[in-house]
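Taking the numbering used here, I'd label the letters of the sequence shown as residues 19 to 309. Have a look at the structure below before the remarks.
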Amino acid sequence: MFYVDYLEFFGLKDYPFRLTPDTKYFYPSYTHKAVLHILTYALERGDGFLVVVGEPGVGKTMLLRYLLNKIDSKYQTAFLLTPSLSPIELLQALLEDLGLDCNKSSKELLLRYFKDYLISLSRKDQQLLLVIDEAQNLPEDTLEELRLLSNLETEDRKLLQIILAGQLHLKHKLSSLKLSQLFQRITIWEELQPLSIDEIKKYILFRLSIAGANDIWIDNSSFKLIKFFTKGLPRLINKLMDRILLFAAAQGDRYISPSLVYAAFETFTPKTFKLFNKLRFYFYQILPIFN
Numbered sequence: 019m020f021y022v023d024y025l026e027f028f029g030l031k032d033y034p035f036r037l038t039p040d041t042k043y044f045y046p047s048y049t050h051k052a053v054l055h056i057l058t059y060a061l062e063r064g065d066g067f068l069v070v071v072g073e074p075g076v077g078k079t080m081l082l083r084y085l086l087n088k089i090d091s092k093y094q095t096a097f098l099l100t101p102s103l104s105p106i107e108l109l110q111a112l113l114e115d116l117g118l119d120c121n122k123s124s125k126e127l128l129l130r131y132f133k134d135y136l137i138s139l140s141r142k143d144q145q146l147l148l149v150i151d152e153a154q155n156l157p158e159d160t161l162e163e164l165r166l167l168s169n170l171e172t173e174d175r176k177l178l179q180i181i182l183a184g185q186l187h188l189k190h191k192l193s194s195l196k197l198s199q200l201f202q203r204i205t206i207w208e209e210l211q212p213l214s215i216d217e218i219k220k221y222i223l224f225r226l227s228i229a230g231a232n233d234i235w236i237d238n239s240s241f242k243l244i245k246f247f248t249k250g251l252p253r254l255i256n257k258l259m260d261r262i263l264l265f266a267a268a269q270g271d272r273y274i275s276p277s278l279v280y281a282a283f284e285t286f287t288p289k290t291f292k293l294f295n296k297l298r299f300y301f302y303q304i305l306p307i308f309n
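Given below as structure tokens:
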């Protein structure tokens with residue numbers, strides 16, 4: 019197949035299904051909106067530890083980025099994306115993200131420096147919000163270090179609030195006996211859910227609209243097939259839709275049919291699964307239970 023850049027063909031001003039967490043494309047599904055409201059309320063209440071879990075690709079990073087963009091100006095924020103860190107490496111990464119000196123000679127000096135920074139924020143009526151994504155990769159001793167850091171507080175409020183986000187087994191990890199004290203401090207447990215079929219339709223049309231699309235037509239059966247192939251996970255929807263638009267532009271077609279969806283899906287499926295996916299598609303077409 020001859021591939022073309024579909025921006026010009028569809029008259030788009032941007033690629034609507036990029037995988038980067040661009041918050042202008044944040045679509046507030048029912049659960050995403052609910053989790054956002056709960057996190058905002060818990061932060062305003064002063065809760066110290068909050069946890070958000072979900073399947074890979076469900077939109078945790080996008081939601082957290084959106085939250086940080088909308089958060090009250092009283093917060094200084096730090097966002098860590100590489101959490102497979104020892105306790106001292108965590109402190110160094112945190113200080114570096116805040117633009118502070120992270121080259122202290124010992125953990126004790128790092129802790130003292132960090133505590134002084136939190137106190138200086140408190141004097142300005144500010145506090146620090148630390149967000150750690152992919153937190154299921156944190157070693158247990160580093161998670162315990164976070165609990166110790168959360169002890170930093172004044173008489174009436176926390177100096178540090180922490181949001182841990184990760185895959186579903188993060189909750190199991192945090193409930194281990196070794197981390198029981200940390201587990202007891204977690205006040206909010208929220209799980210993001212994949213998009214429903216109705217939300218998938220709105221999600222796709224929303225992103226196309228933001229990118230400037232006005233004459234792309236998508237068959238209702240195509241939305242069902244996208245749901246079938248992606249399980250409602252935004253990251254997979256983005257990957258598939260990007261390929262679909264590429265195929266459509268190559269064919270000079272502004273109509274997205276189920277056959278086009280399937281053809282696009284096949285191109286990034288490993289060869290060992292070709293037959294399996296053809297059978298899935300066959301049963302999807304002939305059995306109402308799959309629709």
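Glycine residues also receive a C-beta, built at the ideal position from the N, C-alpha and C atoms.
Exposure label - residue i; buried when at least 16 CB within 10 Å
i: D7; result: For the chain, the structure presents residues 19 to 309; residue 7 sits outside this window and is missing.
i: M225; result: The identity of residue 225 in the sequence shown is Arg, whereas the question assumes Met. By the neighbour-count rule (16 or more Cβ atoms within 10 Å), R225 is buried.
i: H50; result: buried
i: L112; result: buried
i: L57; result: buried
i: G230; result: exposed
i: E152; result: buried
i: E126; result: exposed
i: F286; result: exposed
i: E163; result: buried
i: S227; result: exposed
i: K78; result: buried
i: Q110; result: buried
i: I137; result: exposed
i: T160; result: buried
i: P252; result: buried
i: Y59; result: exposed
i: K142; result: exposed
i: N309; result: Caution applies to N309, whose pLDDT of 45 falls short of 50 and renders its modelled position unreliable; the value that the coordinates give is listed next. N309 is exposed by the Cβ-count criterion.
i: S277; result: exposed
i: N169; result: exposed
i: S193; result: exposed
i: Q199; result: exposed
Start and end residues, alpha helix (DSSP H) containing residue i
i: I56; result: Y48 to R63
i: E284; result: P276 to T285
i: T248; result: N238 to T248
i: I215; result: I215 to I228
i: E7; result: The shown model of the chain, from 19 to 309, leaves out residue 7, and the question about it has no answer.
i: N87; result: K78 to K88
i: D134; result: K125 to R141
i: L25; result: Y24 to F28
i: L192; result: H187 to L192
Beta-ladder partner(s) of residue i, from DSSP
i: I180; result: F67 and L148
i: Y273; result: W235
i: E171; result: K176
Simplified DSSP state of residue i, which is helix, strand or coil
i: F97; result: strand
i: E73; result: coil
i: P39; result: coil
i: T290; result: Low confidence applies to T290: its pLDDT is 41, below 50, so where it sits in the model is not reliable, and the reading given next is rough at best. It is helical.
i: P34; result: coil
i: S91; result: coil
i: L305; result: Only weak support exists for where L305 lies, its pLDDT of 49 falling under 50; the coordinates are left without a value.
i: Q154; result: helix
i: S102; result: coil
i: L251; result: coil
i: N121; result: coil
i: F265; result: helix
i: F311; result: A query on residue 311 cannot be resolved here, the shown segment of the chain reaching from 19 to 309 and no further.
Residue interval of the beta strand (DSSP E) (run including residue i)
i: E114; result: That residue, E114, is in no beta strand (DSSP E); its alpha helix (DSSP H) goes P105 to D115.
i: T205; result: I204 to E209
Q. Is there contact here, the stretch 54–65 with the stretch 258–269, by at least three beta-carbon pairs under 8 Å?
A. no
Q. Within the chosen definition, does the stretch 116–133 reach the stretch 179–186 through at least 3 CB pairs nearer than 8 Å?
A. no
Q.
Is it the case that the stretch 231–246 contacts the stretch 202–209, given that we only count it when at least three CB pairs across the two stretches are under 8 Å?
A. Verdict: no, contact absent.
Q. Is the stretch 100–115 in contact with the stretch 217–234, if contact means three or more CB pairs nearer than 8 Å?
A. Remark: fewer than three beta-carbon pairs, one from each stretch, lie closer than 8 Å, so the stretch 100–115 and the stretch 217–234 are not flagged as touching.
Q. Does the stretch 31–39 come within contact of the stretch 266–275, defined as at least 3 CB pairs closer than 8 Å?
A. By the Cβ test, the stretch 31–39 is not in contact with the stretch 266–275, since fewer than three Cβ pairs between them sit closer than 8 Å.
Q) Looking at C-beta atoms only, is the number of pairs between the stretch 82–90 and the stretch 233–240 that lie closer than 8 Å three or more? A) no
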